[in-house]
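Participant: Quick note, the sequences are listed as chains W and S, same order.
Quick note, the first sequence lines up with residues -13 to 424 if you use this note's numbering.
Quick note, the second sequence lines up with residues 4 to 76 if you use this note's numbering.
Don't be surprised by glycine CBs; every beta carbon is placed ideally from N, CA and C.
Since this is a predicted model, take the numbers as computed values, not measurements.
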Amino acid sequence: MTGEREAPVGLPRLLNAIPAHGAMSLAEHLSVHGEPPLARSRRARRGAGALIEEIEQAGLHGRGGAAFPTAVKMRGVAHARGRPIVVVNAAEGEPASSKDHTLLTGLAHLVLDGGVLAAQALGADQVIVCIPESSTASLQSVKIALAERQHASAGLPSIEPRTVPERYVTGQESALVNHLNGGPALPTFTPPLPFERGVRRRPTLVNNAETLAHLALIARHGARWFRELGTTAQPGSTLITLSGPLVYPGVYEIEHGASLSSLLHAAGGATAPLRAGLFGGYAGAWIDANQLPNLALRDEHLKPYGASLGAGVIALLSEDACGVAETVTVTRWLAEQSAGQCGPCVHGLDAIATSLEEVAAGTARRDAKQRIARLASLARRRGACGHPDGAIRFILSAIEVFAAEFADHARHGPCDACAGARELPLPATPRPAAALVG
Amino acid sequence: MSHRLRVNPIACEAHGMCAELLPERITLDDWGYPILDEKPIPRALLDHARRAAQACPTFALLVERQSDYQKPR
């Protein structure tokens, strides 16, 4: 697996030599990372499956949020019947995430290498890159990258960019597959899972764009190199989208297990006292500011708080913001982002959002907290996808971490900060409200 | 071979027939959607479970063999 050139040491890996503006050209990409070990002869193609073994040794986990072992997913696809298809998931429905956008606009070649290498390992002849409709810059960048690669693509799997509707649940695997099959970009009832029967009923590998970028480097430098960074349980580096009151918010590459303090230092430090941090986006969990100084960015450290790195989204909240108002706003948005297909999700999230709005306004009944807990238990694990589960994780952890603020609002109504602007990012344009289908 | 109940939440339209036909295993939530007892169905209830599944107007209730599928979460 290891090429002739020396493997790079330390960080950054993915973001190595990323241009401050615009995209890395194919020539720059090859001079930074070297040629990808593509199989151009028939004999080489027969040996391409060895990459799966290397990915397993590397311990690569998916970077889309679920952290599923990539090699297990690849094996599932490889063992299913039919010629596989590879889908690069850059749908990035998480409002506080911009790593997929960063990768596609700056480093499309690395992601495309990963897609093609994964396809060859599986014997797939097609790679589909899913890009949100509004990300015209990503689409443009991928198109330019494809044009640059054209002369060298003979005999390699084809690559096709496809735009997908901008919606929170679009990035869910079965929703992407449903969309690529001509249906709505909404989750489907599983099984069959995409690895068994996906795009055009073929076994389909759906991987996050960052996952495939790592795969492209593991194919070049090997599993042992990958494990030089990170922890035993979470090897390698990972991209973090860091937002909040910081000098330089943005996308950073860290080693798994790095301290949050070092990341904040890299971001120029906080510009305001912090109240709490949200880990894993709007399907994630809050951690109180007093726990943040000692926090290591690895799931073993985050688990006691019910949090995980998820898709690498960390949103910090300042003390000037109102945790209640932020929670209410995001909860209503999450309720509206329900695909509208499953009753418990549609009714449950809407009822919880209404309850939270009453608490924030100071008009809730005294048993509101118990009511929300009961509604949460009714909605959790009862949808076709994980949307209600993630939303409820976010809501319950907010109620716990902002307990004092919630108690205060329940008694006295809105605070001064409630009237101000929200700190947590949400899409500017309103998305279609959920309505129960059928 | 043990069997268990599963509901397709996308197909389910809260008709509530299942809870009437299999109250031993199915209750309804605030909005009329079934809450299933996911324990294996005892042999004595299996015929009732199958009847409840057949009675569902949207075929959303499934009686599955335990080994068929484990939800990965």
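Going by the CB atoms, is the gap between S:A47 and S:L8 shorter than 8 Å?
Facilitator: Along the second sequence, one-based indexing puts residue 8 of chain S at 5. Along the second sequence, one-based indexing puts residue 47 of chain S at 44. Not closer than 8 Å, so no.
Participant: Consult DSSP for W:C328 and reduce its assignment to one of helix, strand or coil.
Facilitator: Counting from one through the first sequence, the residue named residue 328 of chain W turns up at place 342. Coil, per DSSP.
Participant: List the residues of chain W that S:A17 touches, going by C-beta distances under 9 Å, in chain order.
Facilitator: Position 14 of the second sequence, counted from the first residue, corresponds to residue 17 of chain S. Going along chain W in sequence order, the residues near S:A17 (Cβ under 9 Å) are G329.
Participant: Cβ atoms of W:S383 and W:L361: under 8 Å apart, would you say?
Facilitator: Position 375 of the first sequence holds residue 361 of chain W. Position 397 of the first sequence holds residue 383 of chain W. No. Outside cutoff.
Participant: Measuring only the C-alpha atoms, how far is W:A396 from W:A354?
Facilitator: As a first step, residue 396 of chain W must be located in the first sequence, where it is residue number 410. As a first step, residue 354 of chain W must be located in the first sequence, where it is residue number 368. Rounded to the nearest angstrom, the two C-alpha atoms are 9 Å apart.
Participant: Check the Cβ of S:P60 against every Cβ in chain W and list those closer than 9 Å, keeping chain order.
Facilitator: As a position in the second sequence, residue 60 of chain S is number 57, starting the count at 1. What S:P60 touches in chain W: nothing, since even the nearest Cβ is about 11 Å away.
Participant: Distance, Cα to Cα, W:C371 vs W:E(-8)?
Facilitator: Within the first sequence, residue 371 of chain W is the residue found at index 385, counting from 1. Within the first sequence, residue -8 of chain W is the residue found at index 6, counting from 1. Whole-angstrom Cα-Cα distance: 43 Å.
Participant: Output needed in chain order: residues of the region 357 to 388 of chain W with a Cβ under 7 Å from some Cβ in chain S.
Facilitator: Flagged, chain order: L364, R368, G369, A370, G372.
Participant: Pull up the CB-CB distance for W:R67 and W:I114, whole angstroms please, since I reckon it's below 8 Å.
Facilitator: Indexing the first sequence from 1 puts residue 67 of chain W at position 81. Indexing the first sequence from 1 puts residue 114 of chain W at position 128. The pair is not a contact, with the Cβ atoms about 20 Å apart (cut-off 8 Å).
Participant: So the alpha helix (DSSP H) S:D40 belongs to, where does it begin and stop?
Facilitator: Numbered from 1 along the second sequence, position 37 holds the residue referred to as residue 40 of chain S. Unbroken run through S:D40: none, as it is neither H nor E.
Participant: Determine the DSSP secondary structure at W:I378, reduced to helix, strand or coil.
Facilitator: Counting from one through the first sequence, the residue named residue 378 of chain W turns up at place 392. Note: W:I378 maps to helix in three-state DSSP.
Participant: Under 8 Å by Cβ, that's how I've got W:E80 and W:A262 pegged, so tell me the actual separation to the nearest angstrom.
Facilitator: Along the first sequence, read from residue 1 onward, the residue named residue 80 of chain W stands at position 94. Along the first sequence, read from residue 1 onward, the residue named residue 262 of chain W stands at position 276. Actually they do not touch by this definition, with Cβ atoms about 18 Å apart.
Participant: Once the 5 residues before and after W:G230 are set aside, which same chain residues still bring their CB inside 6 Å of it?
Facilitator: Here the question's residue 230 of chain W lines up with position 244 in the first sequence. Closer than 6 Å at the Cβ level, and outside the excluded window around W:G230, lie A301, L302.
Participant: Which residues of the region 22 to 53 of chain W have a Cβ closer than 9 Å to any Cβ of chain S? Give them in chain order.
Facilitator: Listed by position, the residues of the region 22 to 53 of chain W near chain S (Cβ gap below 9 Å) are A52.
Participant: Work out the CA separation of W:I381 and W:G292 for me, nearest whole Å.
Facilitator: Numbered from 1 along the first sequence, position 306 holds the residue referred to as residue 292 of chain W. Numbered from 1 along the first sequence, position 395 holds the residue referred to as residue 381 of chain W. About 12 Å.
Participant: Quick one: which residues of the region 23 to 42 of chain S get their C-beta closer than 7 Å to a C-beta of chain W? List them in chain order.
Facilitator: Flagged, chain order: D32, D33, W34, Y36.
Participant: Among W:V58, W:P118, W:R61, which has the Cα closest to the Cα of W:H87?
Facilitator: On the first sequence, position 101 is the one that residue 87 of chain W refers to. Of W:V58, W:P118, W:R61, the residue nearest in Cα terms is W:P118.
Participant: For chain S, find out if any of its Cβ atoms is closer than 8 Å to the Cβ of W:H333; answer yes or no.
Facilitator: As a working mapping, residue 333 of chain W is identified with position 347 in the first sequence. Yes, W:H333 counts as interfacial toward chain S.
Participant: Among W:R379, W:P70, W:V18, which has the Cα closest to the Cα of W:L1?
Facilitator: Residue mapping note: residue 1 of chain W aligns to position 15 of the first sequence, counting from 1. The residue with the shortest Cα to Cα distance from W:L1 is W:V18.
Participant: For W:L98 and W:V63, which I take to be in contact (beta-carbon distance under 8 Å), what is that distance rounded to the nearest angstrom?
Facilitator: Reading the first sequence from its first residue, position 112 is the one you call residue 98 of chain W. Reading the first sequence from its first residue, position 77 is the one you call residue 63 of chain W. About 19 Å; that fails the 8 Å criterion.
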